[in-house]
Amino acid sequence: MLLHFVGMKTLYLQHHKLTLRFDPALSCVGHDEVLLKIRLAGICGTDLALFNGYANFNGVPGHEFVAEVVETGSEVDANLKGRRVVAEINQWCGECDQCARKHYSHCLNRRVIGIRDHQGCFAEYLMVKANTLHIISDSIDDRQAVFIEPLAAALRIVEQLQSHDYRDIMLIGAGRLGQLIARVMILQEKPLTVVVRHAQQRQLLQRLPLDCIDESAVEVNMVDVAIDATGQPSGLALALHALRPQGVCVMKSSYPAPITVDLTRLMIDEIELIGSRCGPFSSAIEMLENGLKVLIKPLEF
Ligand SMILES: [Zn+2]
Ligand SMILES: [Zn+2]
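Sequential numbering of the sequence shown, starting at 176, is according to the numbering used here.
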């Protein structure tokens with residue numbers, strides 16, 4: 176099926192440089208794919224890391240978006256046309272061992288929108304697999320819907336901590352993802368301390384039931400769970416520093432280059448280090464529909 180257009184504007188990343196390009200190529204919508212017209216896109220720390228060389232990505236970046244379905248593949252429900260949607264950033268194959276176990280975000284052949292082997296959303300149009308779509312109801316507007324992907328990533332931490340017994344939490348980093356993590360973690364109803372660097376970050380967290388502290392106030396043996404969302408190796412080191420013995424360190428950062436951290440404490444104090452990436456879109460959508468919108472309101476632009 177030919178597209179309606181003979182080209183589109185894109186933001187193209189090559190050798191750490193972002194340029195506005197006009198891509199004149201005509202393409203076909205695959206039988207199991209849909210063509211999306213991007214309505215709104217968000218920029219996150221991962222995008223900034225990509226610009227600095229993370230994942231060695233050349234192409235159109237961007238993975239946080241809300242869009243409208245404008246074309247459907249031959250095996251896709253044509254009623255999707257015109258619907259407002261978001262898409263999971265992991266485009267899975269459906270055939271590998273991980274997909275068979277329904278661990279789609281860890282598909283062995285996965286392509287990742289705007290990060291790995293897949294065009295991103297900083298463009299007018301984007302093609303994705305239809306089975307990775309989530310329809311957005313009218314109760315969630317575009318400015319809220321662009322938060323679904325990072326909110327899902329924040330919720331992944333809750334999933335991963337479900338089987339752990341912990342009393343309190345420290346979040347290090349209050350950038351955009353950190354702000355969302357804070358809003359999700361307060362719902363766990365355990366004391367939450369957030370390490371903030373900037374006055375504006377602190378301001379966005381005021382009125383929430385949590386404590387904000389400076390980095391200099393972080394001491395040893397402070398918490399059972401420490402989350403690094405700084406994107407900096409120093410954030411991970413600080414998280415390990417703050418943990419009590421047998422604590423859990425959640426790594427929610429992507430670092431542009433290999434990092435050096437003293438891991439000996441993990442052995443001595445039996446600390447668990449958990450990597451945490453993508454999370455459940457459906458839970459994020461449900462949370463927005465059930466009132467989290469109020470909490471993210473100050474984060475909207
Ligand atoms: Zn992101
Ligand atoms: Zn797969």
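C-beta atoms are modelled at their ideal positions from N, C-alpha and C, and glycine is treated no differently.
Cβ shell of residue i (< 7 Å), same chain only, five flanking positions each side left out
i	result
Ala253	Thr247
Ala459	Ile323, Leu326, Ala327 and Leu330
Val244	Val209, Leu211, Leu255, Lys256, Gly257, Arg258 and Val260
Ile388	Thr368 and Val370
His281	Gln273
Leu195	Lys184 and Leu186
Leu441	Leu448
Val271	Checking the displayed sequence, the identity of residue 271 turns out to be Cys instead of Val. Only Cys282, Leu283 and Asn284 meet the Cβ criterion.
Ala374	none
For residue i, the three-state DSSP class (helix, strand or coil)
i	result
His191	coil
Gln294	coil
Cys274	helix
Gly228	coil
Lys365	coil
Val303	strand
Asp198	strand
Asn265	strand
Pro309	First, the amino acid is wrong: residue 309 is His here, not Pro. His309 falls in the strand class under three-state DSSP.
Leu177	Residue confidence for Leu177 is low, a pLDDT of 48 falling below 50, so the modelled location carries little weight; the figure read from the coordinates is stated next. Strand at Leu177.
Residues near residue i in its chain [Cβ-Cβ closer than 8 Å; skip 5 each side]
i	result
Asp403	Ile347, Gly348, Gly410, Leu411, Leu413, Ala414, Cys424, Val425, Met426, Lys427 and Ser428
Integer Cβ distance of residue i from residue j, believed to fall under 8 Å
i	j	result
Ile315	Leu463	5 Å
Gly295	Pro236	4 Å
Ile311	Ala298	20 Å between Cβ atoms; not a contact.
Gln421	Glu394	Going by Cβ atoms, the distance from Gln421 to Glu394 rounds to 17 Å, so no, they are not a contact pair.
Cys453	Ile264	6 Å
Ser249	His191	Not a contact, Cβ separation roughly 39 Å.
Gly406	Ala216	In fact, because the Cβ distance is near 20 Å, the residues do not count as touching under 8 Å.
Contact set for residue i: own chain, Cβ-Cβ below 6 Å, skip 5 residues either direction
i	result
Gly450	Met426
Leu470	Arg358
Leu474	Gln354
Complete beta strand (DSSP E) runs within the region 367-435 (minimum length 3 residues, chain order): 367-370, 386-388, 398-403 and 418-426
Meets three-Cβ-pair contact criterion under 8 Å: the region 392-409 and the region 342-359: By the Cβ rule, the region 392-409 counts as touching the region 342-359, because three or more pairs are nearer than 8 Å.
Given 8 Å, three or more beta-carbon pairs between the region 291-305 and the region 209-218: yes
4-residue-minimum alpha helix (DSSP H) runs that sit fully inside the region 312-357, ordered along the chain: 317-320 and 323-336
Touching by the beta-carbon criterion (3+ pairs, under 8 Å), the region 213-231 and the region 274-292: yes
Beta strand (DSSP E) runs wholly inside the region 431-473, at least 3 long, in chain order: 447-450
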